[in-house]
């Protein structure tokens, strides 16, 4: 496989992942404009976004089986088109929070299907010795989608209206499907393969790893939801708080790519590195809690950057490590771990938000530190059990 083909494959995966992730980020970024457009409360808007993550969680495991039956390329041909149609429907039809929630639910299913299909796509077609970097770059597409959502506010929402942002995203999503290469296998081969029994996956180690990613994403998603409001509450200006959040997000992108590049230079120990990154992230959350309690910006800035940058920078490396241990079943294995991540992303903002409301921001950050530390324990336990059973 030439480098050009690999670059095209990676570009397709990044674009497909970005377009599948963007609906929830657009709703968050355009919340003010959406609320002005039709009667919807903040809580109702939150429920609508939750339906996106619920759809993703429910379809996470089945999507892996579908991808391995159909082939990653065929699924990636379909998901951007379906996602584009749903984005266009949101732009044209949304007139109440429940209708928005009804459309965001299948958007979440598209996101789950895209994730497992792109993992299979890159695992099968990626160049050996470069897949760590490949998955790091692919997972950097998620914070990239968040960046696109933020840019949509001044570029579209404040000029021509929020519906145009969803309309443009729909066009970009459908365009992505055109870039997906043709399947290398004829349909008859895929159909014959689909009748065979799929290789079994050892459930206990993968469940522990799913718990690990779930706890890690729980912490990161909760922090991402309340970082700006928390730093403003500590006495930092809104503009400076936004800069801190942007810096932490940019660090996440850099760390995801860098950790993937470094993974290609070693043969194993990927899960150990992930656990260490989670523990460093826990220290960042604790620093954020202390800085919040004492009102010290000198602790808030590095705490935020370390917690989100390192404490969520392991995502691409995690997918690569899971796939590296499940070469025969990459889509189903990452579908199972993705379930943990989706549930963590759904519950994190809710539970950490409750902790902040009933106690304090410091309490919320301490909860994030605790769950991030527990995530490291679950990852170590899962990887250790996986190594034992593989050796046996």
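Residue numbers (this note's numbering): 10 to 401.
For every residue, glycine included, the Cβ atom is placed at its ideal position computed from N, Cα and C.
Quick caveat, the model's predicted, so the values are computed rather than measured.
Asked: N- and C-terminal bounds of the alpha helix (DSSP H) containing residue 339; Found: 339-367
Asked: For residue 171, the three-state DSSP class (helix, strand or coil); Found: helix
Asked: Residue 81 versus 256, 370, 344, residue with shortest Cα-Cα distance; Found: 344
Asked: Candidates 104, 141, 24: closest to residue 333 by CA position; Found: 141
Asked: Chain-order list of residues whose beta-carbon lies under 7 Å from that of residue 246 (same chain, five-residue window excluded); Found: none
Asked: Residue 136 in three-state terms, based on DSSP; Found: coil
Asked: Cut-off 6 Å between Cβ atoms - residues of its own chain near residue 49, not counting five sequence neighbours on either side; Found: 106
Asked: 7 Å CB neighbourhood of residue 183 in its chain, flanking five on each side removed; Found: 89, 90, 93
Asked: Touching by the beta-carbon criterion (3+ pairs, under 8 Å), the region 301-316 and the region 352-361; Found: no
Asked: Residue range of the alpha helix (DSSP H) that includes residue 243; Found: Taken as a continuous stretch (DSSP letters only), residue 243 belongs to no alpha helix (DSSP H), as it is neither H nor E.
Asked: Own chain partners of residue 321 with C-beta closer than 6 Å, once the 5 adjacent residues on each side are dropped; Found: 229, 261
Asked: Contact check, residue 175 vs residue 96, beta carbons under 8 Å; Found: yes
Asked: Straight-line Cα distance separating residue 42 from residue 336; Found: 45 Å
Asked: Alpha-carbon to alpha-carbon, residue 171 and residue 254; Found: 23 Å
Asked: Proximity below 8 Å, CB of residue 112 to CB of residue 25; Found: no
Asked: Straight-line Cα distance separating residue 311 from residue 220; Found: 27 Å
Asked: Pairwise C-alpha distance: residue 29 and residue 385; Found: 28 Å
Asked: Simplified DSSP state of residue 130, which is helix, strand or coil; Found: helix
Asked: Length of the line joining the Cα atoms of residue 398 and residue 331; Found: 15 Å
Asked: Cut-off 7 Å between Cβ atoms - residues of its own chain near residue 118, not counting five sequence neighbours on either side; Found: 64, 65, 68
Asked: Collapsed DSSP secondary structure at residue 18 in the structure displayed; Found: helix
Asked: 8 Å Cβ cutoff met for residue 391 and residue 115; Found: no
Asked: Residue environment, residue 367, which counts as buried when at least 16 other CB atoms sit within 10 Å; Found: exposed
Asked: Same chain, Cβ closer than 6 Å to residue 250, five either side skipped, listed in chain order; Found: 237, 240, 241
Asked: For residue 347 and residue 71, the rounded distance between their alpha carbons; Found: 11 Å
Asked: Straight-line gap, residue 204 to residue 78 (C-alpha atoms, nearest Å); Found: Unreliable placement is indicated for residue 204, whose pLDDT of 48 sits below 50; the coordinate value is still reported in the next sentence. The alpha-carbon atoms of residue 204 and residue 78 are separated by roughly 8 Å.
Asked: Terminal residues of the alpha helix (DSSP H) in which residue 333 lies; Found: 324-334
Asked: Alpha carbon of residue 40 to alpha carbon of residue 276, nearest angstrom; Found: 45 Å
Asked: Residue 56 vs residue 110 beta-carbon contact at 8 Å; Found: yes
Asked: Own chain partners of residue 266 with C-beta closer than 6 Å, once the 5 adjacent residues on each side are dropped; Found: 145, 146, 149
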